[in-house]
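Novice: Going by numbering that gives the first Met the number 0, 69 is the number at position 70 of the sequence shown; the sequence numbering is gapless.
My structure is below; once you've seen it, I'll send some questions.
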Amino acid sequence: MTPAQCRAARALVGMTQPQLGFVAVMPLGIIIDFEAEAMVPRPEDLDALQDAFERAGVDFIGDVGVKLGKGAK
């Protein structure tokens with residue numbers, strides 16, 4: 000997942016950074032810094048972010064984009 004995909008996925012599902020931190024069970028600072036391209040999270044943190052988005056109905060298109068899945072809320 001790229002920072003742009005993270006920002007786009009949040010926009011698709013109307014999720015704030017604090018909401019994402021709660022759902023992904025991670026400190027808000029990691030999300031803020033990642034989206035600002037100030038740091039690269041650990042692989043397990045990226046997995047937690049992607050899992051949170053996928054549970055919300057986001058599909059990832061490689062490293063190029065995101066879209067809402069068919070069963071999205």
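All residues carry an ideal CB built from backbone N, CA and C; glycine is no exception.
These numbers were taken from a predicted model, which means no experiment stands behind them.
#1: So G64 is in the beta strand (DSSP E); what residue range does that whole segment cover?
#2: Specify the secondary structure class of V24 as computed by DSSP and reduced to three states.
#3: How is the alpha helix (DSSP H) around V12 delimited, first residue to last?
#4: With D44 and I29 assumed to form a contact (beta carbons below 8 Å), what rounded beta-carbon distance in angstroms separates them?
#5: If you follow the alpha helix (DSSP H) that P42 is in, where does it begin and where does it stop?
Specialist: Considering the structure as presented:
#1: Numbered from its first residue, the sequence shown carries residue 64 at position 65. From DSSP, the beta strand (DSSP E) with G64 extends over 64-67.
#2: As a position in the sequence shown, residue 24 is number 25, starting the count at 1. In this structure, V24 counts as coil in the three-state DSSP scheme.
#3: Numbered from 1 along the sequence shown, position 13 holds the residue referred to as residue 12. First-last of the alpha helix (DSSP H) with V12: 2-12.
#4: Translated into positions along the sequence shown, residue 44 becomes position 45. Translated into positions along the sequence shown, residue 29 becomes position 30. Going by Cβ atoms, the distance from D44 to I29 rounds to 6 Å, so yes, they are a contact pair.
#5: For the purposes of this step, residue 42 is taken as residue 43 along the sequence shown, with counting starting at 1. First-last of the alpha helix (DSSP H) with P42: 42-54.
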